[in-house]
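In order, the protein sequence lines correspond to chains A, B, C and D. Position in the first sequence counted from 1, then plus 12, gives you our numbering. Position in the second sequence counted from 1, then plus 12, gives you our numbering. Position in the third sequence counted from 1, then plus 12, gives you our numbering. Position in the fourth sequence counted from 1, then plus 12, gives you our numbering. Please read the structure below before turning to the comments.
Number of protein chains: 4
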Amino acid sequence: MADTTTPRFERRKPDRPEQIADAALLEFAEHGYAGTRVADVAQRAGVSKGLMYVYFRTKEELFKAVVRKVLTPKLDQLTSTVRHSTLPMDQFLRGPFLTFMQELVRSRARVVLRLMIAEGPKHPDLTQWYMDNVLNRGLGALREMIQRGVRNGELRPGAIETYPQLLIAPALIGMVWMILFQRHEKLDTDHMLQEHVELMVQTLVIDGPRQQVLL
Amino acid sequence: MADTTTPRFERRKPDRPEQIADAALLEFAEHGYAGTRVADVAQRAGVSKGLMYVYFRTKEELFKAVVRKVLTPKLDQLTSTVRHSTLPMDQFLRGPFLTFMQELVRSRARVVLRLMIAEGPKHPDLTQWYMDNVLNRGLGALREMIQRGVRNGELRPGAIETYPQLLIAPALIGMVWMILFQRHEKLDTDHMLQEHVELMVQTLVIDGPRQQVLL
Amino acid sequence: MADTTTPRFERRKPDRPEQIADAALLEFAEHGYAGTRVADVAQRAGVSKGLMYVYFRTKEELFKAVVRKVLTPKLDQLTSTVRHSTLPMDQFLRGPFLTFMQELVRSRARVVLRLMIAEGPKHPDLTQWYMDNVLNRGLGALREMIQRGVRNGELRPGAIETYPQLLIAPALIGMVWMILFQRHEKLDTDHMLQEHVELMVQTLVIDGPRQQVLL
Amino acid sequence: MADTTTPRFERRKPDRPEQIADAALLEFAEHGYAGTRVADVAQRAGVSKGLMYVYFRTKEELFKAVVRKVLTPKLDQLTSTVRHSTLPMDQFLRGPFLTFMQELVRSRARVVLRLMIAEGPKHPDLTQWYMDNVLNRGLGALREMIQRGVRNGELRPGAIETYPQLLIAPALIGMVWMILFQRHEKLDTDHMLQEHVELMVQTLVIDGPRQQVLL
DNA sequence: TATGAATGAGATTTCATTCAT
DNA sequence: TATGAATGAAATCTCATTCAT
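Take a look at the structure:
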């Protein structure tokens, strides 16, 4: 009632980058990097083509911004989960860790993973950022968790300390499956990850009185 | 009769399609699908642009042909390995199966995986072909192997029968690592896969007299 | 009455148009007309883009204003120099006239000349203004001077009355040289102009008692 | 009659660059560098936009090619004229040299001069080329001619040896006039140049028996 | 008066595909 | 069969100008 005429311009600078990045993620997810038209992102974001270039100097910058924006919180979540847990190792793996993987497979990070795999080799600086801020932070957090378990006598020492990748490998499978095949053939990734965690617990966790202090 | 597709008595440079597909794989590997120029493939193959279109009607057809050409022998190798092995399960896993994964990570299949992840969603028919001829054949072979082990009393029944993906998940990690990070930070994927197999053997293989007949 | 355009009692930063025009000249000089961004002029002038459009309705208007602003005083200077001189012709040519040309070559007029040559054909009204207010006033002043000399018996009558352009042609050469080549190869334009004047004096000035009244 | 259907493609590679450069010159002449659209050049040349980029990688390359193409023959003409003349100096100046300047003012070089003045500062390599291949060759040829005259006792030594620019300065005036004002106000550049040459001959050429050997 | 976020028309450039030879 | 000159649709990016505040 107050605004009877729709203004041709809307001024709301603070929201714009967010708004554009969200739209961009969706377009990139659907069409990949090269397949995405800046014009379509603009339309999806409800802004003009020109405005895109006010906030992101090139399509490539936009892409990188999207990747960073999506992955950063995911990694924060992982590190935080690992750092603040005081649960016994088996409960931790079956609980928060499993949940993290299950959510990861479903989250927007999945499509960003696809984008990284597809475009990473063309963007060395983005790949470097990914290594520093996603991969190494992620693996670092996992390794920290495992080593704590080993020190506490909860976990068998061994390969998993050297290659924490093995712990999340099935999440990667899950994501790739979702990307490529989910439309064709369902896979219960939640269950698969649960079974994976069971196997890991069986293999890694030392039986016996585990109620010792964990901290 | 053995050679039905190649017209035997026409004069033309033999294996032109082969030649082109090989060049195309290298270009796709380096630049991705969209980043690859048909002209560059032609140059690399040593033929004219026009001739490409004699053998492959579009760039997309060429892409699909490349994917099929690379993956088919890989799958044949896996199925054959699994089918013809008469080794006890632990020896099989530590031997031919580990070797297969290690080679897989290094092979041209790696770059095709990248291409599939990047482009799959845009080519449903290719994805369908991949599911039928790569994924399901691959998982089928693995499942077959596992079930034989279970029947023989060599393997514990359980999750791995349902989700043979868990067995090759680290190979996927290895491939993705090679694609994205190998230039930045080395990972000894061979060793990682070996450790993975050890974990799997510990978890899955039933101890005790294993020298019973396998077949 | 003296000051009709500037409203005397309104509060605003004085000389905004001046300020903008000065900034514009520098930008136009560096990047040419098309290569100059209105936003950059605004920034250089320390005002907002929007404000520019309060004082100059379009980029083109701004351009024309700059041209006029720079050239007008130069022409005033020339006419005034010529009109007020009471020197014998040889002294005048070697003195004030030479100085004028030497300064001209160095002045901001040089870059405006470049702009006129580049953009003139696209702006007929500007070109017309230039003809009326620069070219014809300039040539007029020179011709007046020459004719006075002829009447006084100081100068040989002839071509130079018809084509006073010949008298300042080397200044044009000097300006073009400064515009294009000075960064690559120095030319002592001062000396060149001095030599030109010497040649002119030799050719044009009638020897003999020249101390007669001049005026 | 032979070709009843107009083919959509015409294959005539050898002509193309020429054809495009000619069209480009006309467009650049009319609209300047920035004001010229590649599409319009293409249309004028009767080829597709895409083909432009087959022969000239960028608009800038096209521009440079045009400049070089137009100026090179002009300079060849000047050097050749100067080198091969066996005329006495006054006849040479009043004859071939005057003719050269008169033609120069009318030729396509005129518009290229405009382009150079306008765009030179933005293209240092083109400017360097211009200096090496136009300016210095041109001035060199003039200086050579003058020094020959001085050695022969035909010309007074002096400023003109140091600054041969003074000899062609009026041609520059003529060209600039043609560019900017000819549509508004005629100037008989031919006559102006003729008068200029007369002045130069009067000033520079030594009277007396000039029938001495010239060579 | 003053700002600068927002617009949108238009420019250059790329490249898969066609087709005259 | 073989070539590569030629096409044209489309994509990215720029920037003068407008207008809500």
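Even for Gly, the Cβ is constructed at its ideal location relative to N, Cα and C. Being a predicted model, the structure only gives us computed values, none of them experimental.
Next on the checklist: Check whether chain D comes within 7 Å of R106 of chain C, counting only Cβ atoms and requiring the distance to be less than that.
Outcome noted: On the third sequence, residue 106 of chain C is found 94 positions in, with the first residue counted as 1. No, because no Cβ of chain D sits closer than 7 Å to the Cβ of R106 of chain C.
Item to check | Beta-carbon neighbours of M128 of chain A, restricted to chain B and to distances below 7 Å | outcome: One-based indexing of the first sequence puts residue 128 of chain A at position 116. Residues of chain B passing the Cβ test: L192.
Item to check | Paired residues, beta bridge with V217 of chain A - DSSP | outcome: Numbered from 1 along the first sequence, position 205 holds the residue referred to as residue 217 of chain A. According to DSSP, which records beta bridges pairwise, V217 of chain A is partnered with A:L167.
Checklist entry - So which of A:L205, A:M212, A:A36, A:L184 has the shortest CA-CA distance to L147 of chain A? => result Here residue 147 of chain A refers to the residue found at position 135 when the first sequence is read from its first residue. Comparing Cα-Cα distances from L147 of chain A to each of A:L205, A:M212, A:A36, A:L184, the minimum goes to A:L184.
Checklist entry - So which residues on chain C does G47 of chain D lean against when the C-beta distance must stay under 8 Å? => result Within the fourth sequence, numbered from 1, the residue matching residue 47 of chain D stands at position 35. Listed along the chain, the chain C residues whose CB falls inside 8 Å of the CB of G47 of chain D are A46, K134.
Item to check | Cβ neighbours of E210 of chain C in the same chain (closer than 6 Å, five flanking residues each side left out) | outcome: Residue numbering aside, residue 210 of chain C sits at position 198 when the third sequence is read from its first letter. Same-chain partners within the cutoff: there are none.
Checklist entry - From T70 of chain C to G62 of chain D, what does the alpha carbon distance come to, in whole angstroms? => result Counted from its first residue, the third sequence places residue 70 of chain C at position 58. Counted from its first residue, the fourth sequence places residue 62 of chain D at position 50. For T70 of chain C and G62 of chain D, the distance between alpha carbons rounds to 34 Å.
Next on the checklist: So T70 of chain C contacts chain D; which residues on that side make the cut at Cβ distance below 7 Å?
Outcome noted: The residue you call residue 70 of chain C lines up with position 58 of the third sequence. Those within 7 Å of T70 of chain C in chain D number zero; the least Cβ separation is about 16 Å.
Next on the checklist: If we define contact as Cβ-Cβ less than 7 Å, is Q55 of chain C a contact residue for chain D?
Outcome noted: Position 43 of the third sequence, counting from 1, holds the residue named residue 55 of chain C. Interface annotation, Q55 of chain C: not in contact with chain D, CB-CB separation never under 7 Å.
Checklist entry - Looking at the C-beta of M143 of chain D, does it have a partner C-beta in chain C at a distance below 7 Å? => result Your numbering for residue 143 of chain D matches position 131 in the fourth sequence. Yes, contact with chain C.
Checklist entry - Is the shortest distance between the beta-carbon of Y67 of chain D and the beta-carbons of chain C less than 7 Å? => result Along the fourth sequence, one-based indexing puts residue 67 of chain D at 55. It does not: the Cβ of Y67 of chain D has no partner Cβ on chain C nearer than 7 Å.
Checklist entry - Roughly how many angstroms separate the alpha carbons of Q140 of chain B and E197 of chain A, rounded to a whole number? => result The count along the second sequence starts at 1 and reaches residue 140 of chain B at position 128. The count along the first sequence starts at 1 and reaches residue 197 of chain A at position 185. Q140 of chain B and E197 of chain A: Cα-Cα distance of roughly 10 Å.
Item to check | Beta carbon proximity, A181 of chain A to chain B, threshold 7 Å | outcome: Along the first sequence, read from residue 1 onward, the residue named residue 181 of chain A stands at position 169. Interface residue, yes.
Checklist entry - Quick one: what does DSSP say F193 of chain A is sitting in, helix, strand or coil? => result Position 181 of the first sequence, counted from the first residue, corresponds to residue 193 of chain A. F193 of chain A falls in the coil class under three-state DSSP.
Next on the checklist: For a test of the three-state rule: what should DSSP assign to E22 of chain A, helix, strand or coil?
Outcome noted: In the first sequence, the residue the question calls residue 22 of chain A occupies position 10. Three-state DSSP puts E22 of chain A in coil, outside helix and strand.
Checklist entry - Out of B:P176, B:E131, B:V78, which has the shortest C-alpha to C-alpha gap to V41 of chain A? => result One-based indexing of the first sequence puts residue 41 of chain A at position 29. Residue identity check: residue 41 of chain A is Ala in the sequence provided, not Val. Selected option, being the one with the closest Cα: B:E131.
Next on the checklist: I'd like the span of the alpha helix (DSSP H) that includes H43 of chain D, first residue to last.
Outcome noted: Start at 1 with the first residue of the fourth sequence, and residue 43 of chain D comes out as number 31. From DSSP, the alpha helix (DSSP H) with H43 of chain D extends over 28 to 47.
Item to check | Sequence-distant residues of its chain with Cβ nearer than 7 Å to Q159 of chain C (five each side left out) | outcome: Taking the third sequence and counting its residues from 1, one reaches residue 159 of chain C at position 147. Taken in chain order, the residues that qualify are E173.
Next on the checklist: Can you pull the chain C neighbours of A171 of chain D, defined as C-beta to C-beta under 7 Å?
Outcome noted: Here the question's residue 171 of chain D lines up with position 159 in the fourth sequence. Going along chain C in sequence order, the residues near A171 of chain D (Cβ under 7 Å) are E207, E210, L211.
Checklist entry - To which residues of the same chain is M187 of chain B closer than 6 Å at the C-beta, ignoring the five residues directly before and after it? => result Stepping through the second sequence from its first residue, residue 187 of chain B is reached at position 175. These residues qualify, in order along the chain: V117, R122, L125.
Item to check | E73 of chain C burial status per 10 Å Cβ neighbour count (16 or more: buried) | outcome: Counting from 1 along the third sequence, the entry for residue 73 of chain C is found at position 61. By the 10 Å Cβ count, E73 of chain C comes out exposed.
Checklist entry - CA-CA distance, M64 of chain B and E30 of chain B? => result Mapped onto the second sequence, residue 64 of chain B falls at position 52. Mapped onto the second sequence, residue 30 of chain B falls at position 18. In a straight line, the C-alpha of M64 of chain B is about 11 Å away from that of E30 of chain B.
Item to check | Nonlocal neighbours in the same chain, by C-beta distance under 8 Å from F68 of chain C, ignoring five residues either side | outcome: Along the third sequence, one-based indexing puts residue 68 of chain C at 56. Contacts found: P29, I32, L74, A77.
Checklist entry - Which residue's Cα is closest to the Cα of L178 of chain D: C:E207, C:M190, C:P176, C:A51? => result One-based indexing of the fourth sequence puts residue 178 of chain D at position 166. Ranked by Cα distance from L178 of chain D, the options C:E207, C:M190, C:P176, C:A51 are led by C:E207.
Next on the checklist: For a contact defined as C-beta to C-beta under 9 Å, what are the partners of M6 of chain C on chain D?
Outcome noted: What is shown of chain C runs 13 to 227, which leaves residue 6 of chain C out entirely.
Checklist entry - Alpha carbon to alpha carbon, how far is S60 of chain D from A54 of chain D? => result Your numbering for residue 60 of chain D matches position 48 in the fourth sequence. Your numbering for residue 54 of chain D matches position 42 in the fourth sequence. The alpha-carbon atoms of S60 of chain D and A54 of chain D are separated by roughly 6 Å.
Checklist entry - Would DSSP call T98 of chain A helix, strand or coil? => result Walking along the first sequence from the start, residue 98 of chain A turns up at place 86. Here T98 of chain A sits in coil by DSSP.
Item to check | Chain-order list of residues whose beta-carbon lies under 7 Å from that of V50 of chain C (same chain, five-residue window excluded) | outcome: In the third sequence, residue 50 of chain C corresponds to position 38, counting from 1. Same-chain partners within the cutoff: K61, M64, K71.
Next on the checklist: In this structure, how does DSSP classify T16 of chain D when only helix, strand and coil are distinguished?
Outcome noted: Mapped onto the fourth sequence, residue 16 of chain D falls at position 4. Confidence at T16 of chain D is low in this model, with a pLDDT of 41, below 50, so the placement of that residue should be treated as unreliable; the coordinate-derived value is given next. In the structure shown, T16 of chain D sits in coil (DSSP, three-state: anything other than H, G, I, E or B).
Checklist entry - Taking the continuous alpha helix (DSSP H) assigned at D52 of chain D, which residues delimit it? => result Mapped onto the fourth sequence, residue 52 of chain D falls at position 40. Residues 50 to 57.
Next on the checklist: Could you compute how far the alpha carbon of D88 of chain A sits from the alpha carbon of F112 of chain A?
Outcome noted: The count along the first sequence starts at 1 and reaches residue 88 of chain A at position 76. The count along the first sequence starts at 1 and reaches residue 112 of chain A at position 100. Answer to the nearest angstrom: the Cα atoms are 12 Å apart.
Item to check | Rounded distance between the beta-carbons of L151 of chain D and P176 of chain D, thought under 8 Å | outcome: Looking up residue 176 of chain D in the fourth sequence gives position 164. Looking up residue 151 of chain D in the fourth sequence gives position 139. That pair is a contact at about 5 Å.
Checklist entry - Going straight from the alpha carbon of R95 of chain D to that of A153 of chain D, what length do you get? => result The residue labelled residue 95 of chain D in the question sits at position 83 within the fourth sequence. The residue labelled residue 153 of chain D in the question sits at position 141 within the fourth sequence. Between the alpha carbons of R95 of chain D and A153 of chain D lies a distance of about 8 Å.
Next on the checklist: I need the DSSP call for F68 of chain B, collapsed to helix, strand or coil.
Outcome noted: By 1-based counting over the second sequence, the position of residue 68 of chain B is 56. Coil.
Checklist entry - What are the uninterrupted segments assigned as alpha helix (DSSP H) that are 4 or more residues long and contained completely in the region 97 to 167 of chain A, given in chain order? => result Runs of the alpha helix (DSSP H) inside the region 97 to 167 of chain A: 101 to 104, 110 to 118, 121 to 131, 136 to 142, 148 to 163.
Checklist entry - Going by the CB atoms, is the gap between A46 of chain A and P182 of chain B shorter than 7 Å? => result As a first step, residue 182 of chain B must be located in the second sequence, where it is residue number 170. As a first step, residue 46 of chain A must be located in the first sequence, where it is residue number 34. No, these two residues do not count as a Cβ contact at 7 Å.
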